[in-house]
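What follows is a set of notes on a single structure, which appears directly below.
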Amino acid sequence: MIAAWLACVLGMAVVARRLWPERRELSRKIVHIGTGPVVPLAWWLGITAAVAIPIALLVTLVALINHRWRLLPAVEDIERHSYGTVAYGLSISVLLIAFWPDHADAVCAGVLVMACADGLAGLIGRGIPSASWRLWGQRKSILGTLTMALVSLLVLIVLAALTSPSPPLTSLLIIAGLATVLEQLSWWGIDNFSVPVTVAICWWSLNP
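In our numbering, the protein residues as written are 7 to 214.
Right, dumping it as structure tokens:
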């Protein structure tokens, strides 16, 4: 099921790349967002750490190779220099090693915030004009930042409603705020590591 899901995501990215070649970020964001549901799906299927961790490390290695040689342009062919895809895979690997499966909810929190909130923030921030600024060469916009904050909070609220125990609302607000701040510091795609890892640690530490 997980392999089929990932195949569909990659297929959609390739199709988007061919249909809209001028929108080079779109195919990458499809992979970025589409990868997120793999973690709760693995949790639901009861995938063990002995299986999940080696696969995550392998995917990270493949992402690193693809970053270097662009074997699959739909994933890496963007206008800016970024190690975001590699950092994303590395963050998932680290979270699986640290928390899986005893605290799978923390892993889900980190990965889903990164996948959904950051992915949509990038698409909306670039697709709809709004006031913007630059931090270390990275363009950030009001609309993209608001999307990051609101979607992060929504993802955390939904996850909290589906799991028990879960952090209280005040903790969720703090976590969403931290994720939004860290997303601003995104040179070279470092936020793809800092956001999911920080969110997962906060979810775990603030859980009563």
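Beta carbons are placed, not taken as given, at the ideal position from N, Cα and C, and that holds for glycine.
Compare the C-alpha of residue i against each of the options and name the closest.
| i | options | result |
| --- | --- | --- |
| L212 | D197, H109, V45 | H109 |
| S200 | V57, L25, D124 | D124 |
| V37 | T204, G90, A155 | G90 |
| W210 | T169, V187, W193 | T169 |
| P46 | R30, V161, A13 | V161 |
| P177 | A206, I134, L152 | Contrary to the premise, residue 177 reads as Ser rather than Pro in this sequence. Closest by alpha carbon: A206. |
| S33 | I181, T54, L126, I163 | L126 |
| L152 | A10, G128, E31 | G128 |
| G40 | I53, T204, A10 | A10 |
| E31 | D111, W142, G133 | G133 |
| M7 | A48, L77, V20 | A48 |
| A13 | P135, I181, T204, V44 | V44 |
| D111 | I196, L179, I180, I163 | I163 |
| V15 | L25, G42, T54 | G42 |
| P107 | P171, T54, S172, W26 | T54 |
| W142 | V20, L77, W26, G195 | G195 |
Measure the alpha-carbon distance for residue i versus residue j and round it to whole angstroms.
| i | j | result |
| --- | --- | --- |
| G131 | L156 | 13 Å |
| A167 | W75 | 42 Å |
| L70 | K35 | 17 Å |
| L102 | C122 | 19 Å |
| M18 | W50 | 24 Å |
| T186 | M154 | 6 Å |
| E28 | A22 | 10 Å |
| L165 | L159 | 10 Å |
| R140 | Q190 | 9 Å |
| G183 | S99 | 24 Å |
| P239 | H73 | With the chain covering only 7 through 214, there is no way to say anything about residue 239. |
| F105 | V113 | 7 Å |
| W193 | A56 | 33 Å |
| I181 | C208 | 6 Å |
| A58 | T66 | 12 Å |
| R24 | S138 | 30 Å |
| Q144 | L179 | 25 Å |
| D197 | T204 | 10 Å |
| L188 | G52 | 31 Å |
| P174 | V68 | 38 Å |
| P4 | P135 | Past the edges of the chain, shown from 7 to 214, lies residue 4, and the structure says nothing about it. |
| W26 | L77 | 19 Å |
When DSSP builds the beta bridges, which residues end up paired with residue i?
| i | result |
| --- | --- |
| Q144 | L141 |
Mind the definition here: the stretch 90-99 touches the stretch 56-69 only if three or more C-beta pairs lie below 8 Å; say whether that holds. Yes: at least three Cβ pairs fall under 8 Å.
Decide if the stretch 144-152 is in contact with the stretch 110-123; the criterion is three or more beta carbon pairs, one per stretch, under 8 Å apart. Fewer than three Cβ pairs drawn from the stretch 144-152 and the stretch 110-123 lie within less than 8 Å of each other, which leaves the two stretches out of contact.
Report the residue ranges of all alpha helix (DSSP H) runs contained in full by the stretch 155-195; include only those spanning at least 4 residues, in chain order. 175-190, all fully within the stretch 155-195.
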